[in-house]
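For the sequence shown, this note's numbering assigns the number 181 to the initial residue and increments by one for each residue that follows. To start, the structure itself, in C-alpha cells.
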Amino acid sequence: TGYWGRPGAAQFYARGYRLYRDPAMAATAMRYADGNPRALRQADAIFDADPTALEKEIATAAASVPFTVRCEHLGRYGQAVLQTEKTTQGRALWIHYGKGKGHSHSDCLTIGVYAKNIAMLPDLGYPEYTAAWPKRHAWTAHTISHETLCVNDTRSAYSPGGKINLFGVQPPLRVIDVASKGAYPKLETYRRTVAMVDASEVDSYVFDVFRARGGRNHRLSYHGPAAAATVAGLDLVKQEKGTFAGPEIGFAEFYDGKKGGGYRGSGFMYLYDVARSAETVAAPFTVDWKAEDKRGRILAGTEPHLRLHALTSSSEVALASGDPPLNKRGNPRRLRYVIQSRLGDNVRSQFVNVLEPYDRTPFIRVVRRLEVEHEVDSDAVIAVAVELVNGTVDTLISCEEPARVRVEGGIEFDGQFAMVRRVNGRIKQLRMSRGSRLAVDDLVISGEPAAFTGKVTRIDVSDPNDHRVFLDPPLPPGVDLVGRPIHFVNTVSYDTTFDIKAIADDSISTGGITLVAGFKKPDDYTAGVRYLVNPGDRYVVPCFTGLDQ
C-alpha cells in the first residue's frame, strides 16, 4: 500500500549474467549500477586471474542490448504490464491473472496504475498476520478489497488463471483483454479489457471495460490512494451504523461463514463508514481521490489525484472505508472504496469506467457513452468519447470479439478495438486492433486480414532455446510478424500467448520460452510431459493498423 520499488540489485543481475550470459540480464545489471561497471564486481572475483573481466564483459554485452522499458505479458506467471517507453514522467498499468501461485490473493483480473510517481490503485499487500488470521482471508486477500469484480457476494477462486485474448501496443494506445474461466467457474463470462491511452507526454488515462455474465450481484470495487474521496453527479445517503454488509452487521463481525482459511463469504463486514445511493444510478458520475503519502513518493510541488469517470447503470453505488494492514510502517490508516453493484440473479454486466491520474488540474473535460449500432450481444460492444481540455477528442471502441459496428458520429468499424483521435475537429490518429476496416469521415484504413488464423499441426521442444510450433496454414512470407503475440486457443488453464521470436516456412519459434507445462506424473518421469500447446489447437495472430496525420 504505497510501498513499491525495483526488486533485486546490481550484484544480483550481474550474477545472473555470469550464470546465463543473457545480454538482457547485463543491461539490467548496468541500469541498477547506474552505469558504473565497478559496482558489479563479485565478491569471489579476487580468485580470478582478472577480477575486472566480468564487469567489462557485462558492460560490453549491455551496450549491445540497451535497457528499455516496454509492455510485457508474462503468461505462465500470469501478469502483464502496459507502460510508457520513457521512464521520465512514466505511467504504467498492470493486470494480474496468475495460475496456481503460492502466497496469492483471490484477486483475478485485478489491476494497478502507476502515475505521478505513486501507486494510484494501491494493493493492500502483505497481511498483518498469516495462518488463520481472520482479516487475512476475509479482507486483505479477499476479492472485494481488490480492484476487480466480486460475484455472488463471495470471494473468487484462489489463483485460478486467465487467458489473454488481445495484446496490442500502438502508442498512444496500448490494450490488453484477459478472460478467466476459473475465477467463478459457473459464470459464462468473466473478462476485462483495459487500455492505457497517452493524452500527452506526461499524462495517460485508462479505459476499463469489465464484462460478466451469470451469477448474482456483480460488484466492481475500486479504491484510490487516499482515505477520502469527492463525489460529483451522485447523491449518497450516509448509513448511520453497521458496515457494507448491512446496518445490523458490525465491523469484523462474521455473519456468513467461519473465520479462517475456509472463509468464502462476502468480506463486507470489513467495509465501514458507508454511504449509499438512494436509488438506481443511471447517470454518469465521478469520484476523485487526492493522493496521500507517508512514504515520500509525492514529488515536491505536485498534488497527484485519481479521478474515476463511471459510465455504468448500477442498482446501487456505495462509498466505504477499508483498512490496509495496520502493522506495516508507512501504510495509510484507511482507504476509501467505491463499489458499483448490479444486483439480481443471472446478471449480465458491462462495467465501463475511465481512470484519470492527474496533477492538480484534470486533463479530461468529460467522458460520455456513444450510441452504437451492431448485431451482437448488447454487452459485447461499447464506445465512448473522451474529451480532453486541450481540444482533443478520443473515440474508443471495444468489442468483446471482432464485430461490425457503426458508432455515433459516422464511424464505421469492423474489428475488436479501435481509437479515433481528433484534435480541434481534425483527425489526428487512427488505431485498429484485430480489425479489417475503420472508416471515419472520408478516411478509411484497412487491415486485411484482421488476424492470421489456423491450426497447430505439431510441436518440437528438442532444442530448449528454440521451441517450435508448426502451423497450418503457415504465416505468410513477406509479413514482419516477429515480436508480435500469437494466441493459442485451447483448454489449458495457463495463458498460452507467446511472442513470436522467429518464423520459418511452416513454423514459428517461441525461443527459450517453453511449451512444456509439466510432467504427466510428477513421481514417474518416464510417463512423459504435458504441453501448453498441442496439435489441433487454434492459433490467432492479430494484426494492428494505424495512421498518423
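Ideal Cβ placement from N, Cα and C applies to all residues, glycine included.
Would you identify the three-state DSSP class for residue i, choosing helix, strand or coil?
i: Y719; result: strand
i: K343; result: strand
i: H317; result: helix
i: R335; result: coil
i: P537; result: strand
i: Y385; result: strand
i: T671; result: coil
i: R211; result: helix
i: A697; result: strand
i: P187; result: coil
i: P203; result: helix
i: I683; result: strand
i: A409; result: coil
i: Y306; result: coil
i: M521; result: Reading off the sequence, residue 521 comes out as Ser, not Met. DSSP places S521 in strand when its eight states are reduced to three.
i: I688; result: strand
i: S380; result: coil
i: T373; result: strand
i: I666; result: strand
i: S529; result: strand
i: I324; result: helix
i: T676; result: coil
The alpha helix (DSSP H) that contains residue i, what's its start and end?
i: L199; result: A190 to Y200
Going by C-alpha distance, which of the options is nearest residue i?
i: S457; options: P665, I429 and L499; result: L499
i: D717; options: L301, H667 and Y306; result: H667
i: P302; options: T310, W313, H317 and I275; result: I275
i: E308; options: I544, K508 and L400; result: K508
i: S626; options: T633, L618 and F632; result: L618
i: E567; options: G278, R548 and P217; result: R548
i: A359; options: P351, F347 and L353; result: F347
i: A471; options: G595, Y711 and Y538; result: Y538
i: E237; options: T248, E252, E459 and A207; result: A207
i: T671; options: T694, R664 and Y711; result: Y711
i: N345; options: R586, Y197, S613 and W184; result: S613
i: P735; options: G663, L367, A318 and V669; result: Missing from the structure shown is residue 735; the chain here goes from 181 to 729 and no further.
i: L234; options: T320, G708 and A194; result: A194
i: Y517; options: A697, A229 and S501; result: S501
i: I662; options: E553, P702, G698 and S689; result: Strictly speaking, residue 662 in this sequence is Val, with Ile absent from that position. The candidate whose alpha carbon is nearest that of V662 is S689.
i: P365; options: G605, A321, P351 and G394; result: G394
i: P217; options: A225, P203, D704 and T232; result: T232
i: G687; options: Y719, Y705 and A707; result: Note that residue 687 is Ser in the sequence shown here, rather than Gly. Residue Y719 is the option with its Cα nearest to S687.
i: L491; options: Y450, V546, P512 and A480; result: V546
i: Y385; options: G430, H398, R271 and W184; result: R271
If you follow the beta strand (DSSP E) that residue i is in, where does it begin and where does it stop?
i: D651; result: According to the sequence displayed, residue 651 carries Leu and not Asp. Looking at the DSSP string, the run of the beta strand (DSSP E) that includes L651 is R648 to D652.
i: A500; result: E496 to G502
i: Q729; result: Taken as a continuous stretch (DSSP letters only), Q729 belongs to no beta strand (DSSP E), as it is neither H nor E.
i: A563; result: V561 to L568
i: P484; result: P484 to A490
i: A295; result: I291 to A295
i: H403; result: H398 to H403
i: Y711; result: V709 to Y711
i: V547; result: I544 to R549
Are any of the Cβ atoms in chain B nearer than 8 Å to that of residue i?
i: S244; result: Of the chains in the structure shown, none is chain B; there is only one protein chain.
Are there any heavy atoms of the ligand SAH lying less than 7 Å away from the beta-carbon of residue i, as far as the coordinates show?
i: Y257; result: Although the ligand SAH was asked about, the structure shown includes no ligands whatsoever.
* To do: Entirely within the stretch 213 to 286 and at least 4 residues each: give me those alpha helix (DSSP H) ranges in chain order.
  => You should have 233 to 244.
* Asked: Does the stretch 552 to 561 come within contact of the stretch 412 to 423, defined as at least 3 CB pairs closer than 8 Å?
  -> With the rule of 3 Cβ pairs closer than 8 Å, the stretch 552 to 561 does not count as touching the stretch 412 to 423.
* Whole runs of the alpha helix (DSSP H) within the stretch 609 to 641, excluding any shorter than 4 residues -> Taking only runs of at least 4 residues, no alpha helix (DSSP H) segment lies wholly in the stretch 609 to 641.
* Pair every Cβ in the stretch 438 to 445 with every Cβ in the stretch 397 to 416, then say whether three or more of these pairs are closer than 8 Å. => Judged by Cβ distances under 8 Å, the stretch 438 to 445 makes no contact with the stretch 397 to 416, as fewer than three pairs qualify.
* Asked: What are the start and end residues of each continuous beta strand (DSSP E) run of 3 or more residues lying completely inside the stretch 417 to 470, in chain order?
  -> Restricted to the stretch 417 to 470, the beta strand (DSSP E) segments that are unbroken, complete and at least 3 residues in length are 452 to 457 and 465 to 470, listed in chain order.
* Decide if the stretch 674 to 684 is in contact with the stretch 597 to 610; the criterion is three or more beta carbon pairs, one per stretch, under 8 Å apart. => Not touching, per the Cβ criterion.
* Unbroken alpha helix (DSSP H) runs of length 4 or more, entirely within the stretch 570 to 607: which are they? -> List check, alpha helix (DSSP H) in window: nothing returned.
* **At least 3 beta-carbon pairs within less than 8 Å: the stretch 336 to 351 vs the stretch 271 to 290** => Look at the beta carbons and you see the stretch 336 to 351 touching the stretch 271 to 290: at least three pairs across the two are nearer than 8 Å.
* **Ranges of the alpha helix (DSSP H) found wholly within the stretch 346 to 371, counting only runs of at least 4** => Within the stretch 346 to 371, no complete alpha helix (DSSP H) run reaches 4 residues.
* Please determine if the stretch 266 to 282 and the stretch 509 to 527 are in contact, where contact requires at least 3 C-beta pairs separated by less than 8 Å. => At 8 Å Cβ cutoff, the stretches do not touch.
* **the stretch 262 to 278 / the stretch 231 to 243 touching (three or more Cβ pairs under 8 Å)** => The stretch 262 to 278 is not in contact with the stretch 231 to 243.
* Using 8 Å as the threshold, is the stretch 315 to 335 in touch with the stretch 361 to 376, meaning 3 or more CB pairs across them? -> Short answer: they touch.
* To do: Report yes or no: do three or more beta-carbon pairs, one from the stretch 312 to 322 and one from the stretch 631 to 646, lie closer than 8 Å?
  => No, they do not touch.
* Asked: Should the stretch 187 to 199 be regarded as contacting the stretch 207 to 224, the criterion being three or more beta carbon pairs within less than 8 Å?
  -> A contact between stretches requires three or more CB pairs, one per stretch, nearer than 8 Å, and the stretch 187 to 199 meets this requirement with the stretch 207 to 224.
* **Given 8 Å, three or more beta-carbon pairs between the stretch 649 to 658 and the stretch 628 to 635** => At 8 Å Cβ cutoff, the stretches touch.
* To do: Mind the definition here: the stretch 376 to 395 touches the stretch 526 to 536 only if three or more C-beta pairs lie below 8 Å; say whether that holds.
  => Result yes; three or more Cβ-Cβ pairs closer than 8 Å.
* To do: State whether the stretch 396 to 410 contacts the stretch 565 to 579, with contact taken as three or more CB pairs (one from each stretch) at a distance under 8 Å.
  => Flag = no, the stretch 396 to 410 and the stretch 565 to 579 do not touch.
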